[in-house]
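>
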Amino acid sequence: MQEVHLGLVTLKLIVGFFLLFLTVRFAGRKIIKQITPFTFIASIVFGELLGNALYESDIGLAYIAYAICLWGVLLVVIEYLGQKSLFFRGVFEGKPSALIKNGVVDLKALKNNRMNLNQLQSLLRQSETFSIREVAFCYLEADGSLSILKKPRYQKTIREDFKLPDHAVYIPVTLIRDGKVLWDEIKDLGFDESWLRKQLESHHVTDYKAVLIAEWLEGDGIFVQTYTKDQTGK
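Numbering-wise (my numbering), the sequence shown opens with residue 2 and increments by one.
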């Protein structure tokens with residue numbers, strides 16, 4: 002009984018492997034990269050179709066072949082419609098969303114993408130961008146990655162090209178986020194409330210709640226962005 006079961010599982014694995022291989026080859030390499038929500042879902046379903054069928058003795062090879070082939074056909078049809086129609090392309094692939102435009106964080110775009118400032122800062126750091134002040138434009142792509150265009154002064158250059166000496170590197174520190182002061186961060190820097198008020202006044206800001214994001218970078222000073230008229234911050 003065990004030998005029959007192992008033999009059936011082995012046969013299912015072999016058939017499923019080649020069917021998945023052929024489907025991915027035929028449908029395109031985008032399913033491997035998972036660059037759209039649809040290809041992300043497709044990759045999960047492919048694995049579930051084969052995984053759930055392996056150890057179910059009632060599910061035969063015909064079921065596996067039918068399920069994988071049908072899902073593969075749907076994938077190819079969707080990709081074809083996306084190539085031929087801008088409407089279907091927008092529905093199934095989505096569109097990039099501008100989170101930062103001309104150096105200004107678009108809070109409405111963040112909310113539309115179910116994101117907050119903490120998550121935006123985290124994604125920026127994963128893209129080797131440690132401060133919002135460095136960013137001119139930032140787009141959230143369909144696959145969840147960020148495309149970043151830095152301001153000219155922050156674009157990467159090689160110091161050796163200009164024969165410049167090395168200097169100390171500092172990490173930007175967030176002082177205010179979503180209108181709330183991070184007092185622990187200010188205390189760790191060795192500053193107090195009067196210092197913070199002076200820094201904000203230099204940007205014509207008198208109310209903490211008006212600040213969407215404020216960062217401090219040693220050697221570069223404070224970066225402040227306030228809420229725009231159509232942003233409530235709530």
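Even for Gly, the Cβ is constructed at its ideal location relative to N, Cα and C.
Taking only the alpha-carbon atoms, compute the straight-line gap between Glu4 and Leu150 and give it to the nearest angstrom.
Caution is warranted here: a pLDDT of 47 is assigned to Glu4, below 50, making its placement in the model unreliable, and the coordinate value is therefore given only provisionally. So the two alpha carbons sit approximately 59 Å from each other.
> Note down, in chain order, each residue of its chain lying with its Cβ closer than 7 Å to the Cβ of Glu219, except the 5 sequence neighbours on either side.
Only Tyr171 meet the Cβ criterion.
> Is the segment 64-76 touching the segment 11-20, taking contact as three or more C-beta pairs under 8 Å?
Yes, the segment 64-76 touches the segment 11-20.
> Between Lys112 and chain B, is there a C-beta pair that is closer than 8 Å?
Absent from the structure is chain B; it holds one protein chain and no more.
> Taking just the CA atoms, how far does Leu108 sit from Asp1?
The structure shown has nothing for residue 1, since the chain only spans 2 to 235.
> Whole-angstrom Cβ separation of Asp124 and Asp179, contact assumed at under 8 Å?
Looking at the sequence itself, residue 124 is Leu, so the reference to Asp does not match. Between Asp179 and Leu124 the Cβ distance is about 17 Å, and since that is not below 8 Å, they are no contact.
> Would you mind stating whether Leu141 and Asn114 have Cβ atoms separated by less than 8 Å?
Yes; because the gap between Cβ atoms is below 8 Å, this pair is in contact.
> Please report how far the alpha carbon of Glu202 lies from the alpha carbon of Lys181, in whole angstroms.
Rounded to the nearest angstrom, the two C-alpha atoms are 17 Å apart.
> Between which two residues does the beta strand (DSSP E) holding Gln200 run?
That residue, Gln200, is in no beta strand (DSSP E); its alpha helix (DSSP H) goes Glu194 to Glu202.
> Roughly how many angstroms lie between the CA atoms of Val212 and Glu129, to the nearest whole one?
Answer to the nearest angstrom: the Cα atoms are 25 Å apart.
> Among Thr229, Val77, Asp208 and Trp196, whose alpha-carbon lies nearest the alpha-carbon of Ile223?
Minimum Cα distance to Ile223 is reached at Trp196.
> At what residues does the alpha helix (DSSP H) containing Tyr228 begin and finish?
Unbroken run through Tyr228: none, as it is neither H nor E.
> With a cut-off of 8 Å on the beta carbons, I'd call Gln200 and Val106 a contact; round off their distance for me.
Not confirmed; about 19 Å, so no contact.
> For Val206, which of helix, strand or coil comes out of DSSP?
It is coil, neither helix nor strand.
> With DSSP as the reference, please indicate the residues paired to Trp217 in a beta bridge.
For Trp217, which the question treats as bridged, DSSP gives the partners Val174 and Ile223.
> With DSSP as the reference, label Ser123 as helix, strand or coil.
Helix at Ser123.
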